[in-house]
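Data first, discussion second: the structure below is written as C-alpha cells.
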Amino acid sequence: MFHYSQSDLYCEQTALADLAAHVGTPAYVYSSRAILENFNAYHDAFGDIPHRVCYAVKANSSLAVLGLLARAGAGFDIVSGGELFRVLKAGGDASRVVFSGVGKTADEVEYALEEGIHSFNCESEAELALIDAMASRRGVKAGFAIRVNPDVDPSTHPYIATGLSEHKFGIAISEAKAVYERAKTFSNLVAEGVSCHIGSQILDPSPILEAVDKILALAGSLRSEGHPIRHLDLGGGLGVAYHSGEKAPAIGAFIESLHARLRASGVCVMVEPGRSIVGPAGVLLTRVLYRKKSGDKEFVVVDAAMNDLIRPSLYRAHHEIIPLRKRDLPSITADVVGPVCETGDFLARDRHMANVLPGDFLAVCTAGAYGFVLSSNYNSRPRAPEVLVEGATYRVIRRREGFEDLIRGETLP
Ligand SMILES: *Cc1c(COP(=O)(O)O)cnc(C)c1O
15 MFHYSQSDLY CEQTALADLA AHVGTPAYVY SSRAILENFN AYHDAFGDIP
65 HRVCYAVKAN SSLAVLGLLA RAGAGFDIVS GGELFRVLKA GGDASRVVFS
115 GVGKTADEVE YALEEGIHSF NCESEAELAL IDAMASRRGV KAGFAIRVNP
165 DVDPSTHPYI ATGLSEHKFG IAISEAKAVY ERAKTFSNLV AEGVSCHIGS
215 QILDPSPILE AVDKILALAG SLRSEGHPIR HLDLGGGLGV AYHSGEKAPA
265 IGAFIESLHA RLRASGVCVM VEPGRSIVGP AGVLLTRVLY RKKSGDKEFV
315 VVDAAMNDLI RPSLYRAHHE IIPLRKRDLP SITADVVGPV CETGDFLARD
365 RHMANVLPGD FLAVCTAGAY GFVLSSNYNS RPRAPEVLVE GATYRVIRRR
415 EGFEDLIRGE TLP
C-alpha cells in the first residue's frame with residue numbers, strides 16, 4: 015500500500031509529502047486498505063471453518079482503527095479494562111471480546127462481566143476463583159479458557175517470547191487438565207475453550223503448529239471428559255517483514271496450513287493477531303532537522319524520537335527508513351537519531367540510506383503496530399497525531415498534542 019510513483023512515496027493514492035506538509039511531523043499514517051486486507055486475509059483463509067478473528071487491541075488501539083475492524087466483523091482480544099472501553103467506544107461488540115492478561119484486577123473483571131464479554135483467557139487458579147466469585151455476585155455465568163503454556167520456543171526476541179515454561183504467562187500444559195477439572199467446582203464458570211499465545215514477531219510458523227497440535231490434543235481430551243470446550247484460541251504472533259529483504263509468512267498460507275487439523279477439531283477457531291494486521295499498514299513520518307558529523311560518524315537528526323517509536327531502542331528493532339521524495343544523490347551511512355536526551359534515542363544505527371538534507375521528509379516503515387501505543391511524553395514532547403488514509407483522502411484520527419495536554423490532570427500545590 016506504500017509505493018513510489020516517480021520519485022514520490024504514496025500511501026494508497028495519497029502523496030505522503032503533501033500529507034506531511036499539511037499535518038506536520040512527526041505523524042503516524044495508516045492505510046485503511048492495508049488494515050482491511052490483512053484482516054480479510056485471516057478471515058477469508060478460514061473459509062468454511064467456524065472461526066473468529068479477534069484483533070489484538072494492544073498493537074494499535076486507535077478508535078478509528080478499532081472502528082474499521084469492528085465494521086469488518088472483527089472480534090477483539092483485550093488486555094485491560096481501558097482496552098475494553100476503547101473497543102466499546104469504537105462500536106465493537108462485547109460478545110466478541112476475549113480478555114487476556116496475567117494480572118486482571120477485580121475492577122477489570124467486574125467491568126468485563128457487566129459488559130458481557132465472550133470469554134476470559136485465564137492464567138491462574140486464583141484468577142478463576144476471582145472471576146467465579148464476581149460472576150456469582152452478579153448472578154451470571156462467565157466463559158473462560160485457560161491460557162495454556164505449551165512449552166515451545168518461538169525463536170523470537172526474548173522480550174516477546176511467552177510460551178516457554180520459564181515465562182510468567184499461562185498454566186503449564188502438563189497441569190492444565192487438573193485445573194480444568196478443579197474449575198468444575200466453580201459453579202459460575204463455563205469452560206468455553208482452550209487458549210495459547212506463544213510470542214510475537216514469529217517468522218517461522220512451525221513452533222505455532224507445534225503448539226496447535228498440543229492444545230488440539232488437550233481440547234479433545236477435555237471434551238471427552240465432559241468439558242464443553244467450544245473454541246480453540248491459537249493466539250497471535252505472526253511476524254511481519256521489518257527488513258526490506260525479509261520474508262514474512264503469508265497470512266493466508268499460514269491459516270491454510272492449519273486447515274486439516276482444525277477442521278477435524280469441530281470447534282470454533284479463534285486467532286488474536288495484532289502486528290500482522292496493522293504493522294505493515296503504518297509508517298511514522300519525520301523531518302530531517304540537521305546533518306551532523308562526529309569524527310567519521312554521520313548523524314541524521316530528525317524530529318521523531320524514542321518517545322514516538324521506542325522499538326529500535328527497546329528491542330534493537332530494525333525499521334526501514336525511506337525518503338518521501340527521492341533525490342538523485344549518492345547514498346550515505348548514518349545513525350538516524352531524535353532530539354531526546356538519551357544515547358539510546360535512535361531510530362537506526364549505521365544505516366545505509368538515501369542521502370537527505372535538512373527539511374526532507376522520511377518514512378519510518380512498518381510502524382503501524384507497537385508504535386503510537388508505546389509512545390510517551392518523555393522529555394515533555396507532545397505525542398504525534400495519527401492519520402488514516404483512504405484512497406486519495408485522509409483524516410486526522412487523533413490530533414497532535416499541544417503543551418496543555420502535557421500538564422492535563424496536574425496540579426500545582
Ligand atoms: C500481544 C498478544 C497478541 C498479539 O500478538 P501479535 O504478535 O501482535 O500478533 C495476541 N494475544 C495475546 C494474549 C497477546 O498478549
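Our numbering puts the first residue of the sequence shown at 15, with every later residue one more than the last.
Built from N, CA and C at the ideal position, the CB exists for glycine as well.
Presumed contact (8 Å Cβ cut-off) between residue i and residue j, rounded CB distance
i      : j      : result
Gly385 : Tyr42  : 6 Å
Ile222 : Gly251 : 7 Å
Val283 : His333 : Not confirmed; about 32 Å, so no contact.
Leu248 : Ser279 : Actually they do not touch by this definition, with Cβ atoms about 11 Å apart.
Pro263 : Leu217 : 7 Å
Asp349 : Ala331 : Rounded, the Cβ-Cβ distance is 15 Å, inconsistent with contact.
Val9   : Glu97  : Given that the chain is displayed from residue 15 to residue 427, the structure contains no residue 9 and the question cannot be resolved.
Leu127 : Lys191 : No, Leu127 and Lys191 are not in contact; Cβ-Cβ is about 26 Å, not under 8 Å.
Ala383 : Gly293 : 4 Å
DSSP-derived helix/strand/coil call for residue i
i      : result
Pro216 : The question names Pro, but residue 216 in the sequence shown is Ile. Of the three classes helix, strand and coil, the one that applies to Ile216 here is strand, per DSSP.
Val79  : helix
Lys103 : helix
Ser45  : strand
Leu371 : coil
Lys307 : strand
Tyr384 : coil
Asp322 : coil
Gly296 : strand
Leu140 : For the record, residue 140 in the displayed sequence is Ala; it is not Leu. It is helical.
Tyr125 : helix
Gly423 : coil
Met284 : strand
Leu376 : strand
Gly234 : helix
His366 : strand
Ala34  : helix
Outcome for residue i when other beta-carbon atoms lying within 10 angstroms are tallied against a minimum of 16
i      : result
Glu260 : exposed
Gln27  : exposed
Ile265 : buried
Ile131 : buried
His241 : buried
Pro164 : buried
His57  : buried
Thr347 : exposed
Gly117 : exposed
Val154 : exposed
Asn391 : exposed
Cys136 : buried
Cys25  : buried
According to DSSP, residues forming a beta bridge with residue i
i      : result
Val162 : Ile185
Pro40  : The partner list for Pro40 (beta bridge, DSSP) is empty, contrary to what the question assumes.
Gly89  : Cys68
Leu402 : Tyr44, Arg409
Gly157 : Val204
Leu246 : Val208, Val283
beta-carbon residue i near ligand 1 non-hydrogen atom, thresh 7 Å
i      : result
Pro168 : no
Arg301 : no
Pro396 : no
Gly251 : yes
Val93  : yes
Arg289 : yes
Ser114 : yes
Glu141 : no
Ser133 : no
Ser214 : yes
Glu286 : yes
Lys182 : no
Lys72  : yes
His333 : no
His211 : yes
Ala126 : no
Ala88  : no
Check: residue i C-beta below 7 Å from any heavy atom of ligand 2
i     : result
Ala55 : Among the ligands modelled here, namely ligand 1, ligand 2 does not occur.
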